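As given, the protein sequences belong to chains A and B, one line each in that order.
According to my numbering, the first sequence is numbered sequentially starting from -2.
According to my numbering, the second sequence is numbered sequentially starting from -2.
Cβ atoms here follow ideal geometry from the backbone N, Cα and C, with glycine treated the same way.
Just so we're clear, the structure is a prediction, and the values are computed from it rather than from any experiment.
Working notes, beginning with the structure itself.
Protein chains: 2
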Amino acid sequence: MDLGVRARRDLDDDVQTRLAEGEHRYTSGRRSLVDALARADGPVTLPALLAMDPTLVVSSTYRNLAVLVEAGVVRRLVHGADHAHYELAEELTRHHHHLICESCGSVSDVTFDDRVERTLGKTFQRVADEAGFVPHHHAIDLFGRCRVCAA
Amino acid sequence: MDLGVRARRDLDDDVQTRLAEGEHRYTSGRRSLVDALARADGPVTLPALLAMDPTLVVSSTYRNLAVLVEAGVVRRLVHGADHAHYELAEELTRHHHHLICESCGSVSDVTFDDRVERTLGKTFQRVADEAGFVPHHHAIDLFGRCRVCAA
DNA sequence: TTGCTTGCAAATGATTTGCACTGCT
DNA sequence: AGCAGTGCAAATCATTTGCAAGCAA
Chain A
-2 MDLGVRARRD
8 LDDDVQTRLA
18 EGEHRYTSGR
28 RSLVDALARA
38 DGPVTLPALL
48 AMDPTLVVSS
58 TYRNLAVLVE
68 AGVVRRLVHG
78 ADHAHYELAE
88 ELTRHHHHLI
98 CESCGSVSDV
108 TFDDRVERTL
118 GKTFQRVADE
128 AGFVPHHHAI
138 DLFGRCRVCA
148 A
Chain B
-2 MDLGVRARRD
8 LDDDVQTRLA
18 EGEHRYTSGR
28 RSLVDALARA
38 DGPVTLPALL
48 AMDPTLVVSS
58 TYRNLAVLVE
68 AGVVRRLVHG
78 ADHAHYELAE
88 ELTRHHHHLI
98 CESCGSVSDV
108 TFDDRVERTL
118 GKTFQRVADE
128 AGFVPHHHAI
138 DLFGRCRVCA
148 A
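So this is what it looks like as structure tokens:
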């Protein structure tokens, strides 16, 4: 999720607000974390985050990711891989889905056009209704081989 | 995935064959496991499987699930919940998707009609192509509150 | 027989937590 | 001052693995 300078500021404001609503502070450590997530070009693992910013510490990062997830700033993705992947929440970026490489475990983003999403939304609502299920959001994962592994 | 008697036999034959291809045996322990999975009315966790059949042992069950996943008989689902969920592979049942309760963590199955699936398939293929990704299969998860938790 | 399977106990590894210290507000 | 946040080390807990004994082909 590449964000320009302007968007970056909006992002910080947004995070600030969301954290404040939960009586949480937007500390420098959390800024570093959000910064790393914003710089990543897709969902990243905790080790990847630590590599992007060596000042991050394991336990604090896990704790802060949990706080950010709680605040709706970050989304945690869990697939079969060893580590969970983290990304900025869709509310702060854009609704999208994932391409998951079954070979190397990497995850990247894709978006469908609005028309497709609208159609999907209706279908999902109908199916959920029939099951007495109240849908909140959806996730679509495409499993296969990424460009690198497919080569 | 409720299967009748006839389908149950077909299932066993199929599992037998798939295991044999990998130099594996279809032991009584594995039959019990497949039986429990077939009786479950959706994806189940390991503790749930043990509860369904007390003769199952933790380590062996994990090991057998791994063998069955490898053989394409079982699919392992991982979401945020504490335990992974397991279900019979779609090749043995039917292509479907999941309703995941964000409150209690339960997972249930849903199917879309063929027309919808075909349309989705085309869209997925197109999007993947653009990313140089070779799609293998897809998964759609609807997150929300199940009938019980929504009440 | 041959070596895949199994149960039990011990090990692994991602994630979490206890605690004392730091630094916002 | 008062309490949320942080780093480090220790604890958790789902899942995996070593090993000796059991069982299918």
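Going by CA-CA distance only, name the one from the options that's closest to residue i.
i	options	result
B/VAL54	B/ALA4, B/ARG27, B/LEU74	B/ARG27
A/ALA81	A/ARG22, A/ALA63, A/HIS92	A/ALA63
A/PHE109	B/ALA37, B/LYS119, B/GLU67, B/THR90	B/LYS119
B/VAL131	B/GLU18, B/ASP138, B/VAL66, B/GLN122	B/GLN122
B/LEU117	B/ASN61, B/HIS93, B/GLU88	B/HIS93
A/VAL113	B/VAL124, B/SER103, B/ARG6, B/VAL107	B/VAL124
A/PRO44	A/THR14, A/CYS143, A/GLU87, A/SER103	A/SER103
A/CYS98	A/ARG60, A/VAL66, A/CYS143, A/GLU87	A/CYS143
A/ALA148	B/LEU65, B/GLY129, B/TYR59	B/GLY129
A/ASP9	A/ARG115, A/ASP126, A/LEU65	A/LEU65
A/ASP126	B/ARG115, B/LEU139, B/ASP126	B/LEU139
What does the Cβ neighbour count give for residue i, buried or exposed, with the cut at 16 atoms within 10 Å?
i	result
A/CYS101	exposed
B/GLY141	buried
A/PRO40	buried
B/GLU84	buried
A/VAL145	exposed
A/ALA33	buried
A/ASP111	exposed
A/SER25	exposed
A/ALA35	buried
B/ASP11	buried
A/VAL14	Reading the sequence as shown, one finds Thr at residue 14 of chain A and not Val. Exposed.
B/THR42	buried
A/ALA68	buried
B/ALA37	buried
A/THR58	buried
Which bits of chain B does residue i rub up against, with CB to CB less than 9 Å?
i	result
A/LEU96	VAL124, ALA125, ALA128, PHE130, PRO132
A/SER105	ALA128, PHE130
Could you tell me how far apart the beta carbons of residue i and residue j are, in whole angstroms, since I believe they sit closer than 8 Å?
i	j	result
B/LEU16	B/ARG22	7 Å
B/GLY77	A/ARG73	7 Å
A/HIS135	B/ILE137	7 Å
A/LEU89	A/VAL70	7 Å
B/HIS95	B/ASP79	Rounded, the Cβ-Cβ distance is 17 Å, inconsistent with contact.
Name the chain A residues that come within less than 7 Å of residue i, Cβ to Cβ?
i	result
B/THR24	Within 7 Å Cβ-Cβ: nothing; B/THR24 doesn't reach chain A, min ~25 Å.
B/LYS113	Checking the sequence shown, residue 113 of chain B turns out to be Val, not Lys. Neighbours of B/VAL113 on chain A, chain order: THR120.
Using a C-beta to C-beta distance shorter than 8 Å, which residues of chain B count as neighbours of residue i?
i	result
A/HIS135	ILE137, ASP138, LEU139, PHE140
A/GLU99	HIS133
Mind pulling the chain B residues with CB within less than 7 Å of residue i?
i	result
A/ALA17	Simply none; closest approach about 24 Å.
Could you tell me which chain A residues have their CB closer than 9 Å to the CB of residue i, listed as they occur along the chain?
i	result
B/ALA147	GLY129, PHE130, VAL131
Strictly below 8 Å CB to CB, what residues from chain A border residue i?
i	result
B/ARG144	ALA128, GLY129, PHE130
With 7 Å as the C-beta to C-beta threshold (strictly closer), list the residues of the segment 65 to 92 of chain B near chain A in chain order.
Listed in sequence order: ARG73, VAL75, HIS76, GLY77.
In the segment 24 to 38 of chain A, which residues sit with their C-beta less than 8 Å from some C-beta in chain B, listed in chain order?
Within the segment 24 to 38 of chain A, no residue places its CB atom closer than 8 Å to a CB of chain B.
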